[in-house]
Structures are given as C-alpha cells and as structure tokens.
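Enquirer: In our numbering, the protein residues as written are 38 to 282. Using N, Cα and C, we set each Cβ at its ideal position, and we do this for glycine too. Below you'll find the structure I mean.
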Amino acid sequence: MMLGFSTGCLYKTLNGLEKETISIFGGMGCDAIEIMWHNADDDLTKVLEMDDEFWKQFKSISLHIPSLDAYSDVKIASLLETVVQVHNKIHFDMIVLHPYEAMNWDIFRQFDLPFAIENMDWRKDFGKYTDSLKDIFSKFDVSMVLDLNHCYSNDPSMKLAEELLDVFGDRIKKIHLSGFGTYHDPLYRTKQEEILKAIPDKNLPIIIESVCDTVEEIKEEFEYVKSYLEKRNQQKETEAENPIK
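Printed below as a string of structure tokens:
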C-alpha cells in the first residue's frame with residue numbers, strides 16, 4: 038500500500054510547489070505524493086524545475102488543482118493548458134477536481150488528462166452524497182478519490198464511506214485521509230479510529246491531508262498512520278494463518 042502526503046499539509050509554513058517542501062516527504066520515505074496547487078495565481082510550472090530523477094522517488098504522483106467554481110470557462114481552459122504542460126513532464130497518475138453543480142464538463146473533455154472527482158465535505162451543497170456523484174459520473178466518466186475526512190464531516194457514523202465504497206468501489210482509485218475537528222486535522226491528535234477503520238483493504242495510494250504546523254508534526258502523523266496500517270495488515274495475516282474453525 039502506497040502512503041504519502043499532500044504538499045498542502047505544510048501550507049502554513051512552506052510552499053507546496055517548491056522542491057524543498059516536496060523533498061521533505063520523499064526524505065521521510067513517502068512513496069506517494071500529491072502536489073497541491075491551491076491557488077490558481079501560483080506558478081504551477083515551478084515543479085518543472087525538478088528533474089526526472091527527483092520524481093523517481095515516488096511511485097504515485099498526483100495533482101490537486103484549485104477549486105474552479107469562481108472562474109470563467111476561458112480561465113479554466115487556460116489553467117488546464119498549464120496542467121497539460123506539467124503533466125507531459127511529470128506524468129501524473131491522477132488530477133483531482135472538486136466538483137460543483139454548474140461545472141461545464143465539455144471543457145474537461147477537451148483535455149487528455151487523468152481526471153478524478155473527489156467527494157465533498159459538509160461545507161458544500163453538491164458532490165457529497167451518492168446521488169449527486171452518480172449524476173457527475175453519468176456526465177463525466179472518470180475515476181474517484183474517496184476522501185474519508187469529507188465522509189466523516191457529513192456522517193460521523195462513517196456509513197456514508199461504506200455506501201460510497203459499495204456504489205463506486207471500482208471507480209475509486211485513491212484515498213484522502215485526515216482527522217476531522219474543524220478542518221483537516223492530524224489523526225495522531227484526534228485519535229479518530231473510525232476514520233482509519235474506513236480505509237478500504239485495497240492496494241490504493243493513500244494521501245494524508247492532515248494540516249500540520251511543523252515538519253516534526255508531519256513525521257509524527259506519518260508514523261501514526263503507517264503504524265496503524267502495519268498493525269492492521271499483521272492482524273489480517275495472523276487471521277489468515279489461523280482461521281476460525
């Protein structure tokens with residue numbers, strides 16, 4: 038199972054598009070990384086300064102583009118042209134979109150990019166539940182990112198996560214993970230095992246989105262999640278070796 042971070046986890050202190058920031062995650066042993074392009078005014082092409090050898094440290098590289106609901110179709114097309122330029126060099130396995138109700142899918146169809154839709158959190162009116170997500174995928178047949186923090190914010194019982202996995206299981210290609218207090222909080226602080234338990238037992242890249250103030254907190258969060266997953270895998274192996282008769 039590939040485990041890593043969104044570069045936006047350190048947005049309070051570091052620029053997620055800088056080599057310095059991305060190198061922190063690679064140096065920790067992350068084999069998955071998601072480049073957070075938070076603001077459309079930021080220069081995404083900065084990541085082109087890193088050579089092919091640099092990116093080889095990651096097995097999974099994705100891009101999370103800005104929320105687009107405030108932009109015109111012309112501006113969106115321009116932003117996607119920039120994404121194409123960067124994708125041709127880095128070869129993202131996924132480009133994550135936040136859906137909104139008035140989205141013009143015809144624009145996105147013009148671009149040969151590995152788009153994916155993420156389920157939304159409690160603050161949004163659209164893209165949170167099964168029906169609206171079905172509507173999206175009927176118009177735009179792409180992959181899905183299952184954000185477990187967003188599921189929890191809408192339904193702390195995590196039954197919503199189970200439902201989304203049941204309905205969209207084959208479509209889900211990546212997991213977003215973080216604790217929930219008010220935003221994307223570190224799980225080593227929230228201790229929300231119900232969120233961790235909802236991680237599907239599949240070989241999907243997991244991107245931690247917990248916002249941290251320091252690199253030390255990032256490392257603590259990484260070890261906390263990694264330890265949980267390792268213990269779960271060990272338990273699964275033990276149960277397989279000693280089946281209940």
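With a threshold of 8 Å on Cβ separation, who are the neighbours of Met65 within its own chain once the five nearest residues in sequence on each side are excluded?
Expert: Counted from its first residue, the sequence shown places residue 65 at position 28. So the qualifying residues of the chain are Ile255, Lys256 and Phe259.
Enquirer: So which of Lys228, Asp222, Glu231 and Pro237 has the shortest CA-CA distance to Gly206?
Expert: On the sequence shown, residue 206 is found 169 positions in, with the first residue counted as 1. Gly206 has its Cα closest to that of Pro237, out of Lys228, Asp222, Glu231 and Pro237.
Enquirer: Over what stretch of residues does the alpha helix (DSSP H) that includes Met65 continue unbroken?
Expert: Taking the first residue of the sequence shown as 1, we reach residue 65 at position 28. First-last of the alpha helix (DSSP H) with Met65: Lys56 to Met65.
Enquirer: Could you give the DSSP three-state label for Ala114: helix, strand or coil?
Expert: Your numbering for residue 114 matches position 77 in the sequence shown. Three-state result, Ala114: helix.
Enquirer: If distances are taken between C-alpha atoms only, which option among Leu100, Asp143, Ile132 and Asp149 comes closest to Asp110?
Expert: The residue given as residue 110 occupies position 73 in the sequence shown. The option with the nearest alpha carbon to Asp110 is Asp143.
Enquirer: Specify whether the region 212-230 and the region 170-179 touch according to this definition: at least 3 beta carbon pairs, one from each stretch, less than 8 Å apart.
Expert: No, they do not touch.
Enquirer: Which residues bound the alpha helix (DSSP H) around Glu86?
Expert: Translated into positions along the sequence shown, residue 86 becomes position 49. That residue, Glu86, is in no alpha helix (DSSP H); it is neither H nor E in DSSP.
Enquirer: Quick test of your reading: Leu150 and His187, contact by CB under 8 Å. State the CB separation rounded to the nearest angstrom.
Expert: Your numbering for residue 150 matches position 113 in the sequence shown. Your numbering for residue 187 matches position 150 in the sequence shown. Not quite, the Cβ-Cβ distance comes to about 23 Å (not below 8 Å), so this is no contact.
Enquirer: Tell me, to the nearest whole angstrom, how far the beta carbon of Val182 is from that of Val120; I am working on the premise that it is less than 8 Å.
Expert: Within the sequence shown, residue 182 is the residue found at index 145, counting from 1. Within the sequence shown, residue 120 is the residue found at index 83, counting from 1. Going by Cβ atoms, the distance from Val182 to Val120 rounds to 16 Å, so no, they are not a contact pair.
Enquirer: Taking the continuous alpha helix (DSSP H) assigned at Ser99, which residues delimit it?
Expert: Here residue 99 refers to the residue found at position 62 of the sequence shown. Ser99 -> not in any alpha helix (DSSP H); beta strand (DSSP E) instead, spanning Ser97 to His101.
Enquirer: In whole angstroms, give me the CA-to-CA distance for Trp252 and Leu197.
Expert: Locating residue 252 in the sequence shown gives position 215, where the first residue counts as 1. Locating residue 197 in the sequence shown gives position 160, where the first residue counts as 1. At residue 252 the sequence reads Val, which differs from the Trp that was named. Taking the straight line from one Cα to the other gives about 32 Å.
Enquirer: Since I believe Tyr225 is in contact with Tyr261 (beta carbons under 8 Å), could you give me their beta-carbon distance rounded to a whole number of angstroms?
Expert: Against the sequence shown, residue 261 aligns to sequence position 224. Against the sequence shown, residue 225 aligns to sequence position 188. Their Cβ separation, rounded to whole angstroms, is 4 Å, which keeps Tyr261 and Tyr225 in contact under 8 Å.
Enquirer: On the DSSP bridge assignment, give the partners of Ile127 in chain order.
Expert: Within the sequence shown, residue 127 is the residue found at index 90, counting from 1. The partner list for Ile127 (beta bridge, DSSP) is empty, contrary to what the question assumes.
Enquirer: Starting from Ser169, follow the alpha helix (DSSP H) in both directions and report where the run begins and ends.
Expert: Taking the first residue of the sequence shown as 1, we reach residue 169 at position 132. Per DSSP, Ser169 belongs to the alpha helix (DSSP H) from Thr167 to Lys176.
Enquirer: Have a look at Lys96 and Ala69 and give me their C-alpha separation to the nearest angstrom.
Expert: Here residue 96 refers to the residue found at position 59 when the sequence shown is read from its first residue. Here residue 69 refers to the residue found at position 32 when the sequence shown is read from its first residue. Approximately 6 Å, taken between the alpha carbons.
Enquirer: Express the C-alpha separation of Phe145 and Lys176 in angstroms, rounding to a whole number.
Expert: Your numbering for residue 176 matches position 139 in the sequence shown. Your numbering for residue 145 matches position 108 in the sequence shown. So the alpha carbons of these two residues sit roughly 11 Å apart.
Enquirer: Under 6 Å Cβ to Cβ from Leu233, same chain only, skipping five residues before and after it: list those, please.
Expert: Residue mapping note: residue 233 aligns to position 196 of the sequence shown, counting from 1. Tyr265, listed in sequence order.
Enquirer: Note down the Cα distance separating His101 from Gln272, rounded to an integer number of angstroms.
Expert: Start at 1 with the first residue of the sequence shown, and residue 101 comes out as number 64. Start at 1 with the first residue of the sequence shown, and residue 272 comes out as number 235. One C-alpha to the other measures close to 33 Å.
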